[in-house]
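This report refers to the structure that appears directly beneath it.
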Amino acid sequence: MAQHSSKSARFQAVTANRLNDGEVVYFKDNRWIENFAEAEIADGQEAAEALLTRASPDNMEAFILDPYLFEVSEYQDGFTPVSVRENIRAKGPTVRTDLGKQAEAG
Amino acid sequence: MYRYDEFDHKIVTDRVNQFRGQINRRISGELSEDAFKPLRLMNGVYLQLHAYMLRVAIPYGTVSSKQMRMLAHIARKYDRGYGHFTTRQNIQYNWPALNRIPDLLEELASVEMHAIQTSGNCIRNVTADQYAGAIADEIEDPRIISEIIRQWSTFHPEFSYLPRKFKIAVTGHKNDRAAIKLHDIGIVIVRNDRGETGYEVHVGGGQGRSPFIAKKLTNFVPAEKLLAYLEAVMRVYNMLGRRDNSYKARIKILVHETGETEMRRLVDEEFKRIDTSQMLSLPEAELSRISAYFAPPNYETLPAQSKAFEAAKGSNAEFNHWVKTNLVPHKTPGYGIVNISLKPIGGIPGDATDVQMDVIADLAQRYALDEVRVTHEQNLVLPHVKLDEAKEVYDILFAHDLATPNIGLISDSIACPGLDYCNLANARSIPLAQEISTHFADLDKQYDIGELKIKISGCINACGHHHVGHIGILGVDKKGTEFYQISLGGSGDEQASLGDITGQAFTEDKVVDAVDTIVETYLNLRQPEERFLETYRRVGMSPFKEQLYAD
Amino acid sequence: MLTKTHLISNGAFIDDTWVLLDDETPLGDTPAIISMDRLKAEADALRSRNAKLGVVIRTNTLGKTKLGEDVRELTPYLDMLSTIAIDFPVYRNGRGYSDARILREEMGFEGELRAIGEVLFDQWSFMARCGFNSFEIDASIPVETFKEALSELSEAYQPAVDNQRGVLWRRHGL
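Protein chains in written order, with the numbering used here: chain R, 938 to 1043; chain W, 9 to 559; chain E, 322 to 495.
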């Protein structure tokens, strides 16, 4: 599996998959949302660690799988994932643009 | 085709109920993810990038029309209207919800199908020659022994927690279409001097990070002893296989580190011990019972030549092209083996929609004695089609974008799901297959190039068989960006060879150019009638390398 | 390693009278399970001892016993042993299933064969089929759950140590 983030990353967000349907979700204000554009962004390593800790409480496993940090960068008015992998997770398969989040966004 | 008896039904039904309980225990929180993961994997359920993925077993790549209709139904009801046929002759669904999987499996069980052992460190789905029972000069239908192996290996109490996964492939023909030398165990059906049928056993082949061609451990095991022999190989592996490093845990590493001679000695010794009790000697009656299911179907007596077929070829150039590439001679006069290409130009290799699967099911029922096969090159086969009706079959396939005349040609690539779906992938595979296929869309050009197998993997696990591609492409990740390593000269057939890496990896936008350069180099160098692989074996890497890295 | 376990033997909870001793603790007159190294080193003295003896087979992935100990080395000592415990360091390590079958089928061991370590619900039935008759499991698990697990898969295709002959044979009355 590719590396999701690095020590030198400035902006990071937390993502995971939902237990019931495997849907990609992002952490925001102590809940999990489906849309990357609304994900909570941590600025700096300390903030990132704190974000991941908040996203991984003891009972987390009851509905969320394997939360982890990934690097994002500033893009237009918001942020975009840095790696190809996280871009694909945020949107859907590049070869089926009619499926996944990209399709629901219309 | 094999049909379940009451025992088979009971075993599959018990498993569905067991897994339903496990899923309920997971969702209720009773089971942790750590404890649940190996259980879901043993039932073919992966967590991928966007959703869960379910891998359904298609034992030795054979399905009936009824089963194919069920696969279509599942694509519609539990997924998003399509499925992906894989290099393991299985089908994968990319979007099922975890809590609906038990119902899905129950529906599958109603047509004698399952997802048992399609993942996990156990003996996986047995694969075989897709032309089994239909091709001339076959020693024995490989599906007979494959079905016996399927049963023996299902829920094997000793071999369900092996050091790593374990794949067995079988061929009954001198032309190896099952890539048996790239499997943990590859079985070739042979006949000895006395005319008895038996099995040649190759052990320790595989791809992945360290690719190896299997070593032949024995020339002949009689049918009744085969399970004892396989159990001996498995036990030696389970006892001595490495568990300290998952990249070194496959049997190919054990064979490599132990040496072929010592490995043979260990297996022979274990075989003698196991065979002493005769517990695993296969009863003649069971061999006959299972063989009967694979008896030749009721072919009609037909002339070898079909007037309608010849006339259609004469009047329709497209049909004629398709016949040349996609139709293979059948052992029975008046019949042909029809290959259905799942590689439309610019399409996703191996994907089929629910509608296409239904169409194929109908064709199988009406024209192909009710059978469909899945090939490890991600195409489908109608094994027994009357030449008289080949044009009708072609017309229906054509209407559903299933008649691309490109079997074995450059646009017939294998590609794993890659980073578009797979959690392990480092790079995408499918877009490259699409770009290459679009670049070489011109069929005259493809026919001129001739047989050329491109195989693309999105990571070192090599699900796209890149090591044995005439041109192999391997996706690698460099700091979140995709790069592609190219290799030349691999082959997965009876003269198996591993490809040689050309050199530095290419960025995604340079891969098609590189493939084009390789093809042009070949076209310039080839001698009359020489295929790409033969040219490469004759001239070696240097001329290709010179052209590829000219700047 | 689980902190609190209890022992199911031949389908019922029993009091575990055995103690697992390290190589330094002196052996008393009560049933004791010792390491394979100690068994080999002290075999002569142990033969004259007046209490039941057991041995533990370690399946490590560390050090010189990277693969784990070889049960076949127990052959000369088999008559001294009432119990053999096979350690599953993690449930994924399935080497112990082969150890068990070798002990039962090849070496003819008829004493207690005990699964210890990570011995989980979904492995019990396979362990039982391979010849284990004793299971050290999490203390919170009731015996009914154990019995249920053993009956989840009611048929088996292949022969093993249990009495099932395997469907491939039973279809023909064998």
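The C-beta atom is built at its ideal place from N, Cα and C for all residues, glycine as well.
- Taking C-beta atoms under 8 Å as the contact rule, W/Ala-504 and W/Lys-189 qualify, at a distance of about 4 Å.
- In this chain, the beta strand (DSSP E) harbouring W/Glu-490 covers 489 to 496.
- W/His-338 and E/Leu-471 have their C-alpha atoms roughly 48 Å apart.
- For W/Leu-248, the neighbours in chain E by C-beta distance under 8 Å run, in chain order, Leu-388.
- Proximity of chain E to W/His-164 at the Cβ level (cut-off 7 Å) is accounted for by Gln-479, in chain order.
- Residues Gln-215, Pro-219, Gly-498, Leu-506 and Gly-507 of the same chain have their beta carbon placed closer than 6 Å to that of W/His-475, with the five preceding and five following residues left out of the count.
- Note on geometry: alpha-carbon atoms of W/Lys-463 and W/Gly-141 lie some 27 Å from one another.
- Taken through DSSP and simplified to helix, strand or coil, W/Gln-30 comes out as helix.
- Distance from the CA atom of W/Thr-226 to the CA atom of W/Glu-265, rounded to whole angstroms, is 19 Å.
- Beta bridge pairing from DSSP links W/Phe-514 with W/Tyr-492.
- The criterion of a C-beta distance shorter than 7 Å is satisfied by W/Asn-51 and W/Ala-123.
- Membership of W/Pro-551 in the alpha helix (DSSP H) is indicated by the continuous run 550 to 556.
- Put simply, the CB of R/Ser-942 is far from chain W, with every gap to its CB atoms at 7 Å or more.
- Contact note: W/Leu-310 does not reach chain E at a C-beta cutoff of 7 Å; the least C-beta distance is about 37 Å.
- Measuring C-alpha to C-alpha distances from R/Ser-1010 to each of R/Gly-981, R/Asp-1003, R/Leu-989 and R/Thr-1034 identifies R/Gly-981 as the nearest.
- Taking 7 Å as the cut-off, the Cβ atoms of W/Gln-386 and W/Gly-426 do not count as close.
- Scanning its chain for C-beta atoms nearer than 6 Å, with the 5 sequence neighbours on each side dropped, one finds around W/Glu-208 the residues Val-196, Val-198 and Asn-227, in chain order.
- In this structure, the alpha-carbon of W/Asp-452 lies about 28 Å from that of W/Thr-361.
- Taking a beta-carbon distance threshold of 7 Å, E/Leu-474 counts as an interface residue toward chain W.
- Under the DSSP assignment, W/Asp-283 falls in the alpha helix (DSSP H) whose first and last residues are 268 to 284.
- The beta-carbon of W/Ala-105 is placed less than 7 Å from the nearest beta-carbon of chain R.
- In this structure, the beta-carbon distance from R/Pro-1030 to R/Asn-1024 does not fall below 7 Å.
- Taking a C-beta cut-off of 8 Å against chain R, the contacting residues of the segment 33 to 44 of chain W are Arg-34, Ile-35, Gly-37, Ser-40 and Glu-41, listed in chain order.
- The segment 79 to 93 of chain W makes contact with the segment 101 to 108 of chain W: 3 or more CB pairs, one atom from each, lie closer than 8 Å.
- For R/Trp-969, the enclosing beta strand (DSSP E) begins and ends at 968 to 970.
- Taking 7 Å as the threshold, the shortest C-beta distance from E/Glu-431 to chain W does not fall below it.
- In summary, R/Glu-983 is exposed, with fewer than 16 beta-carbon neighbours lying within 10 Å of its beta-carbon over all protein chains present.
- R/Tyr-1005 counts as exposed, since fewer than 16 other C-beta atoms from the protein chains shown sit within 10 angstroms of its C-beta.
- In this structure, E/Asp-350 lies away from E/Ala-364, with their beta-carbon atoms at least 7 Å apart.
- Proximity of R/Arg-955 to chain W, defined by a Cβ-Cβ separation below 7 Å, is not satisfied.
- For W/Lys-175, there is no enclosing alpha helix (DSSP H), as DSSP marks it with neither H nor E.
- In this structure R/Leu-988 touches R/Val-951 by the C-beta definition: roughly 5 Å separates them, less than 8 Å.
- According to DSSP, residue pairing for W/Val-389 in a beta bridge involves W/Asn-347 and W/Arg-381.
- For R/Leu-1036, the neighbours in chain W by C-beta distance under 7 Å run, in chain order, Arg-88.
- Bridge pairing for W/His-210: W/Gly-194 and W/Lys-224 [DSSP].
- A residue is called buried when at least 16 other Cβ atoms come within 10 angstroms of its Cβ; W/Asn-133 meets this threshold and is buried.
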